[in-house]
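Below you'll find the structure, written out as structure tokens, and then a few comments.
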Amino acid sequence: MTIDVDARTSGGARSSVGARLADLEISRAWLVDPASGREGPGEIVVTDGVLEAVTWLEGVEAEGIDASGVIVAAGFIDLHAHLREPGNEDAETVATGLAAAAHGGFTTVCVMPNTTPALDEPSVLARIRDAAAASGLPVALLAHGAVSAGRAGEQLAALGELADAGVVGFSDDGAPVGSASLFRNALAYAGMLGLPIVDHPEDAALTEGAEANEGLIATILGLRGWPRAAEADAVARDLAILADVVGDVPGARLHLTHLSTAASLAHVRLAKAAGLPVTCDVTPHHLALTEEWLAGARRWSWEALDDDGVARDHWRDGAITAPPFDTSVRVNPPLRSAVDAAACLAALVDGTADAIATDHAPHAEVDKAVEFGLAANGISGIETALGVVLAAVDAGRLSLATAIAALTTGPARVLGDREPSTRGLFEGESANVVVFDRSATWRVTPDALASKGKNSPLLGRDLPGRVLLTVAGGRIAYEAADD
Amino acid sequence: MITDPALAAPDELLGAGPAADPVAAAGGGDNPAPAGLWRHRHLLDVDVLTADELELVMHTTATMSEILARPIPRVPALRGWGVTNLFYEASTRTRVSFEVAAKNLSADVVNVTASASSVTKGESLIDTIRTLEALGARMLVIRHATSGAPWLAAETFGGSVINAGDGLHAHPTQALLDLYTMRTHLPGGSVAGRKVVILGDVLHSRVARSNLWSLTASGADVWVCGPVTLLRGFEAWAAAGVAGTRQFTATSDLAAALRDADVVMALRIQRERMASGLLPSLREYAARFGLTRARLATARPDALVMHPGPMNEGVEIAPDVAAGTQSVITDQVANGVAVRMAILYLLAGARGAGE
Amino acid sequence: MSGRRIMTAEEIRRAVIRISHEIVEKHAGTDGLVLVGIQRRGVPIARRLAEAIREHEAAALPVGALDITFYRDDLSMLAQQPVVKGTDLPFDVTGTTVVLVDDVLYTGRTIRAAMDALMEYGRPRAIRLAVLVDRGHCELPIRADHVGKNVPTSREELVRVRIEEIDGEDAVDIDRAVAAEPVAARTT
Chain C
402 MTIDVDARTS
412 GGARSSVGAR
422 LADLEISRAW
432 LVDPASGREG
442 PGEIVVTDGV
452 LEAVTWLEGV
462 EAEGIDASGV
472 IVAAGFIDLH
482 AHLREPGNED
492 AETVATGLAA
502 AAHGGFTTVC
512 VMPNTTPALD
522 EPSVLARIRD
532 AAAASGLPVA
542 LLAHGAVSAG
552 RAGEQLAALG
562 ELADAGVVGF
572 SDDGAPVGSA
582 SLFRNALAYA
592 GMLGLPIVDH
602 PEDAALTEGA
612 EANEGLIATI
622 LGLRGWPRAA
632 EADAVARDLA
642 ILADVVGDVP
652 GARLHLTHLS
662 TAASLAHVRL
672 AKAAGLPVTC
682 DVTPHHLALT
692 EEWLAGARRW
702 SWEALDDDGV
712 ARDHWRDGAI
722 TAPPFDTSVR
732 VNPPLRSAVD
742 AAACLAALVD
752 GTADAIATDH
762 APHAEVDKAV
772 EFGLAANGIS
782 GIETALGVVL
792 AAVDAGRLSL
802 ATAIAALTTG
812 PARVLGDREP
822 STRGLFEGES
832 ANVVVFDRSA
842 TWRVTPDALA
852 SKGKNSPLLG
862 RDLPGRVLLT
872 VAGGRIAYEA
882 ADD
Chain Z
806 MITDPALAAP
816 DELLGAGPAA
826 DPVAAAGGGD
836 NPAPAGLWRH
846 RHLLDVDVLT
856 ADELELVMHT
866 TATMSEILAR
876 PIPRVPALRG
886 WGVTNLFYEA
896 STRTRVSFEV
906 AAKNLSADVV
916 NVTASASSVT
926 KGESLIDTIR
936 TLEALGARML
946 VIRHATSGAP
956 WLAAETFGGS
966 VINAGDGLHA
976 HPTQALLDLY
986 TMRTHLPGGS
996 VAGRKVVILG
1006 DVLHSRVARS
1016 NLWSLTASGA
1026 DVWVCGPVTL
1036 LRGFEAWAAA
1046 GVAGTRQFTA
1056 TSDLAAALRD
1066 ADVVMALRIQ
1076 RERMASGLLP
1086 SLREYAARFG
1096 LTRARLATAR
1106 PDALVMHPGP
1116 MNEGVEIAPD
1126 VAAGTQSVIT
1136 DQVANGVAVR
1146 MAILYLLAGA
1156 RGAGE
Chain Y
16 MSGRRIMTAE
26 EIRRAVIRIS
36 HEIVEKHAGT
46 DGLVLVGIQR
56 RGVPIARRLA
66 EAIREHEAAA
76 LPVGALDITF
86 YRDDLSMLAQ
96 QPVVKGTDLP
106 FDVTGTTVVL
116 VDDVLYTGRT
126 IRAAMDALME
136 YGRPRAIRLA
146 VLVDRGHCEL
156 PIRADHVGKN
166 VPTSREELVR
176 VRIEEIDGED
186 AVDIDRAVAA
196 EPVAARTT
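Chains C, Z and Y are the protein sequences, given in the same order. Residue numbering for the first sequence follows our numbering, starting at 402 and increasing by one per position. Residue numbering for the second sequence follows our numbering, starting at 806 and increasing by one per position. Residue numbering for the third sequence follows our numbering, starting at 16 and increasing by one per position.
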């Protein structure tokens, strides 16, 4: 197989990030384009930032090209990322977060409003946009506004003003929309504005002090249990209220983020079948990692299931390879069982889950280099998302097309017309593409991560799918250094 | 034959020879000196200890008991060693037990009681440990309210870390002293095949968790018993087995648990369990699950009564049971010193060993 | 490993009998005399000495066992902690003449540790030392009162005492150590 990746910027010199991509030809690659339903050998040409030609190769020309080498796809959309600015710039800034996104193959990032101050009125959004512009990075930044003022869960934030300023949804993420009545009002009001509520479903009464998924691992490790029911009952509440509200407010829409249990996904599956306007996402870590990582196991979720789909015992298997209580696996919602992870994968396959969202949650070292019970929740995951998802593809748990769809057309559908750029390989449009090499692995190290958040449980691991080039809006967002 | 003189030279290193040593078992009951060697740098939990290693701890504890019986119970084994007790949770008895143990081995003991305020001031555990190490600590005994904190300490500290209780998770020296106490009182000096009942707030008990590891590793028939709200998760663990293999029983049926028991260990019930809605009242707990003389009578006639302390007499254990002839609770306290001496001694030789 | 035999079972038997006579002679009797073997091989040798004295003096001397592990000065130099064998002194040592019995006298550090350990149990009137083999290289001002055999050795050699009660046979061999590395852990 010959690969010809030849990117040049307008200056004629080798690329620099942020520059318009003058000239790119990728020949004899494997194109994956869920937007057109096609996948196969092909070539693309980008000229002056515009995707000029997409050519599908057939017959003799296609010989020797398969899905194990260089892949070209539309740039990824992350529905859920925390870029920490303003307020927690020691953990991440808009600039480092966007650079991390580009390294991960993402060309659009939806930031969450749990900044300090919270993104609950337009001036905070303006500040974030200024930071994005100043970064010189072409990755598109979209934002969710807060549901409640100060994310305090009491009064509605300035939803209308935020909508006018261009937010793509409302969320109190980090916490659920606390009271059922506030949630109901927010869902209706946002529906009037044509925007979804993006809820983090968690029944806080069941999770006070919780540290780990309630189950065998938490019992053995003496960690306070985080019941699955705390997510499932919050999802059920949200769906019941949605069903109520949507009768009066046809525009009401609900997006449930980072679903992590089989039961909550089952609720969504039923609600979708009933025609409710609900979408949801799952994260790479909830589909690939499990609670046994807290005990020190380091195998993928699908390796932790036996042939009958029953979770294997890591003690009996001798799967413990790392010390327990690693704070990098402390996350909200917690890593669940292998059965739940399998349910996340199944939900992507059957369409119950619309998207893979990273819930990229960078933290400063001081917030993680502490006792497990005191550590901040979250995984720095936007750069490892592709590799984790490809690991699932390699293991036969997802098709490559489904995986790419969950990173492109799936989230695009959730955003609807609030995401202006296209999510397919369409000729004549500004180029939003990611080029990655499935045959090349890269090692996750603190230095390899562009994010300030080094809080990844995958540190030290080799992931498949090294990103070679990310082009956003016709400009270079990331280009791998020559080896 | 060992050919490497570095290995062969002190023959004590090789453990018991082929012939039984007539006085090897001095103070050690009928158990011969075990052949196992100690390979752990830290004692974070008993889950990593094999049956042979438990045997070695028991044997070493017996020799420490002999020292404790002397007029001046002090040996110079750890002379010059800095042992620091870092306690983030108040626990006079455990702290004093470690302190006495270290002093009996001639170590230099420093006690640090870290109040919650030093945590809120922003001094991290890692900072604290680095400071204590720079001040000469070679062994760190840590008590912490957060499960897993000793693992963080072990990652940071250059010497040996001993877990003196972390959150709900583990209390390895308590489990070892419990095992030692049972062995010294049970006929035959072994818990194998014995029915041991751990009764009370199992959910919040690091003592119960650590005991499950060491007792099942030693072949005991372990039962954990309490109201279902305080037993949450243990039914599933019992079914899965400790280490995925060693079954035990979890039940709320007190009568079944006590029937023919050889050992009954009552656990402390804390008042905050009422506030969090896990129990209606202490009175109700005492009435349904308290270890009374009448209930104890359903166990074997010579059943041992144990409690890790501190006790709420009249709640989880009746005063006449706690002070009765079957109670070995004060022995537990005395054995605690011997076990901690044994652990300090064994860890002192384990520099460079793996976890 | 090629060993050179320096004492046979018969020689050991004779040495024990000779030492048993010397002990009694030096003490001018058996009153107030006790034997304390140092764990592990000193213990059976002490028992044999007591048996020999019982035969020719018709006196039963008390015999004890002393574990010196906690008194060693090289604990922190060892890769592994020694397994503690236990001390058993079923008599009060205060006022007695204690004959410490060990298999080999080498650096003297074991004997130093043994004297420290013994003092924890009381105040003997005198302490004497009997060893089966004195191989030289004593690093402390310690010498044996009774010696089965003096064997000049180099530090690279290993003196291997085998006692029937522990090893299944009586013999003393010298092995040339495979590695010439000095053995910090040695105290015999």
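Every residue gets a Cβ at the ideal spot worked out from N, C-alpha and C, and that includes glycine. As the structure is a prediction and not an experimental result, all values here were calculated from the model.
### Task
Could you tell me whether the Cβ atoms of VAL1133 (chain Z) and THR986 (chain Z) are closer together than 7 Å?
As a working note, residue 1133 (chain Z) is residue 328 in the second sequence. As a working note, residue 986 (chain Z) is residue 181 in the second sequence. Closer than 7 Å, so yes.
### Query
CB-CB under 8 Å to PRO523 (chain C), same chain, minus the five flanking residues each way: which ones, in chain order?
Along the first sequence, read from residue 1 onward, the residue named residue 523 (chain C) stands at position 122. Here the set comprises ALA559, GLU562, LEU563, ASP565, ALA566.
### Query
Smallest Cα separation from THR1056 (chain Z): which of Z:MET869, Z:VAL1027, Z:GLU858, Z:VAL917?
Here residue 1056 (chain Z) corresponds to residue number 251 of the second sequence, with the count starting at 1. Comparing Cα positions, the closest option is Z:VAL1027.
### Message
Between the stretch 33 to 42 of chain Y and the stretch 53 to 69 of chain Y, can you find at least three pairs of beta-carbon atoms closer than 8 Å?
### Response
yes
### Message
7 Å is my cut-off, CB to CB: does LEU1152 (chain Z) come that close to chain C?
### Response
One-based indexing of the second sequence puts residue 1152 (chain Z) at position 347. Chain C contact via Cβ: absent.
### Task
Run the CB neighbour count on SER922 (chain Z), radius 10 Å, all protein chains shown included, and call it buried at 16 or more, exposed below.
Taking the second sequence and counting its residues from 1, one reaches residue 922 (chain Z) at position 117. In this prediction, SER922 (chain Z) has a pLDDT of 49, which is less than 50 and means its spatial position is unreliable; nothing more can be read from the coordinates.
### Task
Could you pull out every residue in the same chain whose Cβ sits closer than 8 Å to the Cβ of ALA1123 (chain Z), ignoring the five residues on either side in sequence?
Your numbering for residue 1123 (chain Z) matches position 318 in the second sequence. So the list reads GLY1095, LEU1096, THR1097, ARG1098, once near-sequence residues are dropped.
### Residue environment, ALA712 (chain C), which counts as buried when at least 16 other CB atoms sit within 10 Å
Translated into positions along the first sequence, residue 712 (chain C) becomes position 311. Buried is the call here.
### Task
Would you check if the stretch 649 to 659 of chain C and the stretch 799 to 807 of chain C touch, i.e. whether three or more CB-CB distances between them fall below 8 Å?
no
### Task
May I ask you to list the residues that DSSP assigns as paired with LYS1000 (chain Z)?
Taking the first residue of the second sequence as position 1, residue 1000 (chain Z) is located at position 195. Partner(s): Z:ASP1026.
### Task
Measure the C-alpha to C-alpha separation of ALA786 (chain C) and GLY866 (chain C) and round it to an integer number of angstroms.
Counted from its first residue, the first sequence places residue 786 (chain C) at position 385. Counted from its first residue, the first sequence places residue 866 (chain C) at position 465. Approximately 10 Å, taken between the alpha carbons.
### Task
Would you mind telling me which residues of chain Z sit closer than 7 Å to LEU398 (chain C), beta carbon to beta carbon, in chain order?
The question about residue 398 (chain C) has no answer here: the residues shown for chain C are numbered 402 through 884.
### Task
Would you decide whether ASP848 (chain C) is buried or exposed? Buried here means 16 or more other CB atoms lie within 10 Å of its CB.
Counting from 1 along the first sequence, the entry for residue 848 (chain C) is found at position 447. Counting Cβ neighbours within 10 Å, ASP848 (chain C) comes out exposed, since fewer than 16 surround it.
### Query
Which one or two residues does DSSP pair with ALA80 (chain Y) in a beta bridge?
For this step, residue 80 (chain Y) is matched to residue 65 along the third sequence. DSSP output for ALA80 (chain Y) lists Y:GLY52, Y:ASP103 as bridge partner(s).
### Task
Name, please, each residue of chain Z whose Cβ falls closer than 7 Å to the Cβ of PRO725 (chain C).
Translated into the one-based positions of the first sequence, residue 725 (chain C) becomes position 324. Result: GLY953, TRP956.
### Task
Measure the alpha-carbon distance for ARG170 (chain Y) versus ALA975 (chain Z) and round it to whole angstroms.
Counting from one through the third sequence, the residue named residue 170 (chain Y) turns up at place 155. Counting from one through the second sequence, the residue named residue 975 (chain Z) turns up at place 170. Their Cα atoms are separated by approximately 48 Å.
### Query
Out of curiosity, what's the CA-to-CA distance linking PRO139 (chain Y) and ASP913 (chain Z)?
The residue given as residue 139 (chain Y) occupies position 124 in the third sequence. The residue given as residue 913 (chain Z) occupies position 108 in the second sequence. When rounded, the distance between both Cα atoms is 30 Å.
### CYS745 (chain C) (DSSP reduced to helix, strand or coil)
Translated into the one-based positions of the first sequence, residue 745 (chain C) becomes position 344. Helix at CYS745 (chain C).
### Message
By the DSSP assignment, the beta strand (DSSP E) with ALA878 (chain C) in it spans what residues?
### Response
Position 477 of the first sequence, counted from the start, is the residue given in the question as residue 878 (chain C). Residues 876 to 880.
### Message
Please identify, using Cβ separations under 7 Å, the residues of the stretch 1039 to 1067 of chain Z that lie next to chain C, in order along the chain.
### Response
PHE1039, ALA1041, TRP1042, ALA1045, ALA1048, GLY1049, THR1050
### Message
Closer than 7 Å between beta carbons: that is the criterion. Which residues of the stretch 1119 to 1140 of chain Z meet it against chain Y?
### Response
none
### Task
Have a look at Z:LEU973, Z:ILE1003, Z:LEU861, Z:ASN916 and flag the residue whose alpha-carbon is nearest the alpha-carbon of ASP1058 (chain Z).
Stepping through the second sequence from its first residue, residue 1058 (chain Z) is reached at position 253. When each option's Cα is compared against that of ASP1058 (chain Z), the closest is Z:ILE1003.
### Query
Quick one: Cα of GLY941 (chain Z) to Cα of GLY1154 (chain Z), how far?
Position 136 of the second sequence holds residue 941 (chain Z). Position 349 of the second sequence holds residue 1154 (chain Z). Spanning the two alpha carbons is a distance of roughly 17 Å.
### Query
According to DSSP, is HIS686 (chain C) helix, strand or coil?
Here residue 686 (chain C) is taken as the residue at index 285 of the first sequence, counted from 1. Of the three classes helix, strand and coil, the one that applies to HIS686 (chain C) here is helix, per DSSP.
### Query
On the three-state DSSP scale, how would you describe GLY941 (chain Z)?
The residue given as residue 941 (chain Z) occupies position 136 in the second sequence. Coil.
### Task
Could you list which residues in chain Z have their beta carbon closer than 8 Å to that of ASP604 (chain C), in chain order?
Position 203 of the first sequence, counted from the start, is the residue given in the question as residue 604 (chain C). Per Cβ cutoff of 8 Å: no residues; ASP604 (chain C) is ~15 Å from chain Z at best.
### Minimum Cβ-Cβ distance from PRO865 (chain C) to chain Z less than 7 Å
For the purposes of this step, residue 865 (chain C) is taken as the residue at position 464 of the first sequence. By this cut-off, PRO865 (chain C) is not an interface position.
### Task
Taking SER929 (chain Z) as the query, report the chain C residues whose CB atoms sit under 8 Å from its CB, ordered along the chain.
If you number the second sequence from 1, residue 929 (chain Z) lands on position 124. Those within 8 Å of SER929 (chain Z) in chain C are VAL767, ALA770, VAL771.
### Query
By DSSP, does PHE85 (chain Y) sit in helix, in strand, or in coil?
By 1-based counting over the third sequence, the position of residue 85 (chain Y) is 70. Looking at PHE85 (chain Y) - three-state DSSP - the assignment turns out to be helix.
### Task
Could you tell me how far apart the beta carbons of ALA720 (chain C) and ARG700 (chain C) are, in whole angstroms, since I believe they sit closer than 8 Å?
If you number the first sequence from 1, residue 720 (chain C) lands on position 319. If you number the first sequence from 1, residue 700 (chain C) lands on position 299. 6 Å between Cβ atoms; contact.
### Contact check, ARG948 (chain Z) vs SER896 (chain Z), beta carbons under 7 Å
Taking the first residue of the second sequence as 1, we reach residue 948 (chain Z) at position 143. Taking the first residue of the second sequence as 1, we reach residue 896 (chain Z) at position 91. Contact flag set, yes.
#### Entry: Within the stretch 576 to 615 of chain C, ranges of the beta strand (DSSP E) (whole runs, at least 3 residues)
597 to 600
### Task
In the DSSP assignment, find the alpha helix (DSSP H) that holds LEU981 (chain Z) and state where it starts and stops.
Here residue 981 (chain Z) refers to the residue found at position 176 of the second sequence. Residues 977 to 990.
### Message
With a threshold of 7 Å between beta carbons, is TRP694 (chain C) in contact with chain Z?
### Response
The sequence position of residue 694 (chain C) within the first sequence is 293, counting from 1. Judged by the 7 Å Cβ criterion, TRP694 (chain C) is not in contact with chain Z.
### Task
Measure the Cβ-Cβ separation of ARG552 (chain C) and ALA591 (chain C) and say whether it is below 7 Å.
Taking the first residue of the first sequence as 1, we reach residue 552 (chain C) at position 151. Taking the first residue of the first sequence as 1, we reach residue 591 (chain C) at position 190. The answer is no: Cβ separation not under 7 Å.
### Query
Under 7 Å, do SER902 (chain Z) and VAL1142 (chain Z) count as touching if we go by C-beta distance?
By 1-based counting over the second sequence, the position of residue 902 (chain Z) is 97. By 1-based counting over the second sequence, the position of residue 1142 (chain Z) is 337. Closer than 7 Å, so yes.
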